[in-house]
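For the sequence shown, this note's numbering assigns the number 93 to the initial residue and increments by one for each residue that follows. We put the beta carbon where it would ideally sit given N, CA and C, even for glycine. From a predicted model like this one, the values you see are computed outputs, not experimental measurements. Working notes, structure below.
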Amino acid sequence: MILTTGGTGYIGSHTVVELQNAGFDVLIADDLSNSKQEVVDRIEQISGKRPFFEKVDLKNKEKTFELFQKYPNIEAVIHFAASKAVGESVENPLKYYENNIGSLVNVLQAMQEYDVASIVFSSSCTVYGQPEILPVTEQTKRKAAESPYGNTKMISEDILKDHSVSDKSFKIIALRYFNPIGAHPSGLIGELPNGIPNNLVPFVTQTAYGLRTTLSVFGNDYDTPDGSCIRDYINVVDLAEAHVVAIKRLLENKNKSNFEYFNIGTGQGVSVLEIVRTFEKVSNTKLNYQIVGRRAGDIEKIWAETSFANTELGWKAKKTLNETLLSAWNWEQKYRASLTE
Ligand code: WQD
């Protein structure tokens, strides 16, 4: 059984589907602070199998240990549970350190107590900051984080590394996500931000649906071909599959060291305005957008060099930007329609 903490969230839910498709039993532990329990029903609908679910506050050490005691057949963990809004982390850093660091330490201590030796950790390209040289490889130096959120990812990686040095039986893979976007082709699960979306693609689809009047493009005066920021947008199902490959690597003892990390991206840099234009094309809609000032904390451009994940991990992103943006649009329309049923 694979414990997925934060498993009703955006990346987590897509990963639970792929884990179950790969034949794993899955236990979801989530506090539902940023997701809905009905996602469990959707996962069952998609994969034909219902994951186990426990509502758990992983900031509570006792409750975290009780979870492992209740499920003695946990063989590995994928740790998604974390707060992830960059702006909110600047306003309320203590919430981010308590949740993101506290929960990870509790999970690691419970794993040690109950002899669970494998963990895949949800990390982020944010640990690279604004790289001097592009594309980014796993050898690219990490940089001081631009936000408390980013800092919790840096600190979490350091905690995992230190723990892997102190306890050789622990096997850890950190996956450094670039920008996850899109939704499962069924349109039954997808990104569901609370309130006004921070991230670009949900804001695009909500604008196209008419929930937002205008998309603000944060700056077109960057040193990029069209002046807007460049990111490496990765399909969430491709990303989910990377977790299945990583957990198998650990369970089959194919890892080369007990602390590994991989860039999980497409290798393609895409600008904000290219996202807008591509979305308009695939959705056959006209997006209302305006160019506004830069957003504080944004880096100018980043995309991954993916050969290490491709060759060593044996994983490669497969889905195109067109089908990924269309999946996001399909999800937005289906989800909104389901609210009126
Ligand atoms: C992408 C680009 C914006 C919204 C952050 C975190 C990362 C991960 C994903 C959690 C930027 C522009 C955005 C909008 C815009 N977080 N934009 N108008 O900032 O690259 O990454 O979210 O998992 O760790 O750092 O993603 O989608 O917010 O922005 O112009 O309304 O879109 O300026 O250039 P980001 P994003």
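**Prompt:** Going straight from the alpha carbon of residue 224 to that of residue 394, what length do you get?
**Reply:** Here residue 224 refers to the residue found at position 132 when the sequence shown is read from its first residue. Here residue 394 refers to the residue found at position 302 when the sequence shown is read from its first residue. The alpha-carbon separation between residue 224 and residue 394 amounts to approximately 10 Å.
**Prompt:** Given a threshold of 16 other Cβ atoms within 10 Å of its Cβ, counted over all protein chains shown, does residue 349 qualify as buried or as exposed?
**Reply:** Counting from one through the sequence shown, the residue named residue 349 turns up at place 257. Residue 349 should be labelled exposed.
**Prompt:** Within 10 angstroms of its Cβ, does residue 345 collect 16 or more other Cβ (buried), or is it exposed?
**Reply:** For this step, residue 345 is matched to residue 253 along the sequence shown. Only exposed fits residue 345, as fewer than 16 other CB atoms lie within 10 angstroms of its CB.
**Message:** I'd like the list of long-range same chain contacts for residue 192, defined as Cβ closer than 7 Å, with 5 residues on each side in sequence excluded.
**Reply:** Taking the first residue of the sequence shown as 1, we reach residue 192 at position 100. Around residue 192: 174, 175, 244 and 248.
**Prompt:** Cβ of residue 343 versus every heavy atom of ligand 1: is any distance shorter than 8 Å?
**Reply:** Numbered from its first residue, the sequence shown carries residue 343 at position 251. Residue 343 has its Cβ no nearer than 8 Å to any heavy atom of ligand 1.
**Request:** Please report the Cβ distance between residue 141 and residue 112, rounded to the nearest whole angstrom; I am assuming they are in contact, meaning their Cβ atoms lie under 8 Å.
**Result:** Along the sequence shown, one-based indexing puts residue 141 at 49. Along the sequence shown, one-based indexing puts residue 112 at 20. Yes, residue 141 and residue 112 are in contact; Cβ-Cβ is about 5 Å, under 8 Å.
**Asked** Do residue 145 and residue 100 have their C-beta atoms within less than 9 Å of each other?
**Response** The sequence position of residue 145 within the sequence shown is 53, counting from 1. The sequence position of residue 100 within the sequence shown is 8, counting from 1. Between residue 145 and residue 100, the CB-CB gap stays under 9 Å.
**Request:** Compute every distance between the C-beta of residue 160 and the non-hydrogen atoms of ligand 1, then say whether any falls below 8 Å.
**Result:** Residue numbering aside, residue 160 sits at position 68 when the sequence shown is read from its first letter. False, no ligand heavy atom lies under 8 Å from that Cβ.
**Item:** Three-state class that DSSP yields for residue 250 in the structure shown
**Value:** Locating residue 250 in the sequence shown gives position 158, counting from the first residue. In the three-state scheme derived from DSSP, where H, G and I count as helix and E and B as strand, residue 250 is classed as helix.
**Within 9 Å, strictly: CB atoms of residue 49 and residue 353** = In the structure as shown, the chain begins at 93 and stops at 433. Residue 49 is therefore absent and cannot be evaluated.
**Asked** Do you know offhand how far residue 356's Cα is from residue 95's?
**Response** Here residue 356 refers to the residue found at position 264 of the sequence shown. Here residue 95 refers to the residue found at position 3 of the sequence shown. Note on geometry: alpha-carbon atoms of residue 356 and residue 95 lie some 21 Å from one another.
**Prompt:** Cβ of residue 272 within 8 Å of any heavy atom in ligand 3?
**Reply:** Among the ligands present in this structure, namely ligand 1, ligand 3 is not found.
**Closest by C-alpha distance to residue 332, when choosing among 256, 271 and 363** = Position 240 of the sequence shown, counting from 1, holds the residue named residue 332. Closest by alpha carbon: 271.
**Asked** Taking the C-alpha atoms as reference points, what is the distance between residue 422 and residue 296?
**Response** Position 330 of the sequence shown holds residue 422. Position 204 of the sequence shown holds residue 296. Distance between the alpha carbons of residue 422 and residue 296: 13 Å.
**Request:** Please check if any C-beta of chain B sits within less than 9 Å of the C-beta of residue 219.
**Result:** Given the protein chain composition of this structure (a single chain), no chain B is represented.
**Residue range of the alpha helix (DSSP H) that includes residue 413** = Taking the sequence shown and counting its residues from 1, the one referred to as residue 413 is at position 321. Residues 413-432.
**Item:** residue 405 to residue 342 span [Cα, whole Å]
**Value:** For this step, residue 405 is matched to residue 313 along the sequence shown. For this step, residue 342 is matched to residue 250 along the sequence shown. Answer to the nearest angstrom: the Cα atoms are 11 Å apart.
**Asked** How about residue 339 and residue 210: do their beta carbons lie closer than 9 Å?
**Response** As a first step, residue 339 is located in the sequence shown; it is residue number 247 there, counting from the start. As a first step, residue 210 is located in the sequence shown; it is residue number 118 there, counting from the start. Yes, Cβ-Cβ distance for residue 339 and residue 210 is below 9 Å.
**Item:** Buried versus exposed call for residue 135 [16 or more other C-beta atoms within 10 Å across all chains shown]
**Value:** Taking the sequence shown and counting its residues from 1, the one referred to as residue 135 is at position 43. Burial call: buried.
**Message:** Using the Cβ count rule (16 or more neighbours within 10 Å means buried), how would you classify residue 305?
**Reply:** The residue you call residue 305 lines up with position 213 of the sequence shown. It is exposed - the Cβ of residue 305 has fewer than 16 other Cβ atoms within 10 Å.
**Message:** ligand 1 and residue 295: does the residue's C-beta get closer than 8 Å to at least one heavy atom of that ligand?
**Reply:** On the sequence shown, residue 295 is found 203 positions in, with the first residue counted as 1. True, at least one ligand heavy atom lies under 8 Å from that Cβ.
**Prompt:** Does the beta-carbon distance from residue 408 to residue 402 come in below 9 Å?
**Reply:** Walking along the sequence shown from the start, residue 408 turns up at place 316. Walking along the sequence shown from the start, residue 402 turns up at place 310. Between residue 408 and residue 402, the CB-CB gap stays under 9 Å.
**Prompt:** residue 393 by DSSP, collapsed to three states: which one?
**Reply:** In the sequence shown, the residue the question calls residue 393 occupies position 301. Three-state DSSP puts residue 393 in a strand.
**Prompt:** So what does DSSP say about residue 70, is it helix, strand or coil?
**Reply:** Nothing can be reported for residue 70: it is not among the residues displayed for the chain, which extend from 93 to 433.
**Request:** Taking the CB atoms as reference points, tell me whether residue 168 and residue 212 lie closer together than 9 Å.
**Result:** As a working note, residue 168 is residue 76 in the sequence shown. As a working note, residue 212 is residue 120 in the sequence shown. Contact: yes.
**Item:** Own chain partners of residue 164 with C-beta closer than 8 Å, once the 5 adjacent residues on each side are dropped
**Value:** The residue labelled residue 164 in the question sits at position 72 within the sequence shown. Excluding residues within five positions, the ones whose Cβ falls inside 8 Å are 206.
**Prompt:** Residue ranges of each beta strand (DSSP E) run of no fewer than 3 residues wholly in the stretch 220-303, ordered along the chain?
**Reply:** Listed in chain order, the complete beta strand (DSSP E) runs (minimum 3 residues) inside the stretch 220-303 are 263-269 and 271-273.
**Request:** Mind reading off the beta-carbon distance from residue 280 to residue 137? Whole number of angstroms is fine, and I expect it under 8 Å.
**Result:** For the purposes of this step, residue 280 is taken as the residue at position 188 of the sequence shown. For the purposes of this step, residue 137 is taken as the residue at position 45 of the sequence shown. Between residue 137 and residue 280 the Cβ distance is about 6 Å, and since that is below 8 Å, they are a contact.
**Request:** Using a threshold of 9 Å, state whether the C-beta atoms of residue 386 and residue 314 are closer than that.
**Result:** In the sequence shown, counting from the first residue as 1, residue 386 sits at position 294. In the sequence shown, counting from the first residue as 1, residue 314 sits at position 222. A Cβ-Cβ contact shorter than 9 Å links residue 386 with residue 314.
**Request:** Classify residue 178 as helix, strand or coil using the three-state DSSP reduction.
**Result:** Position 86 of the sequence shown, counted from the first residue, corresponds to residue 178. Helix.
**Message:** I need the boundaries of the beta strand (DSSP E) containing residue 308, first residue and last residue.
**Reply:** Start at 1 with the first residue of the sequence shown, and residue 308 comes out as number 216. Element bounds for residue 308: 307-310.
**Prompt:** residue 353: beta carbon under 8 Å from a heavy atom of ligand 1?
**Reply:** What you label residue 353 is simply residue 261 of the sequence shown in a count that begins at 1. For residue 353, the CB stays at least 8 Å from every heavy atom of ligand 1.
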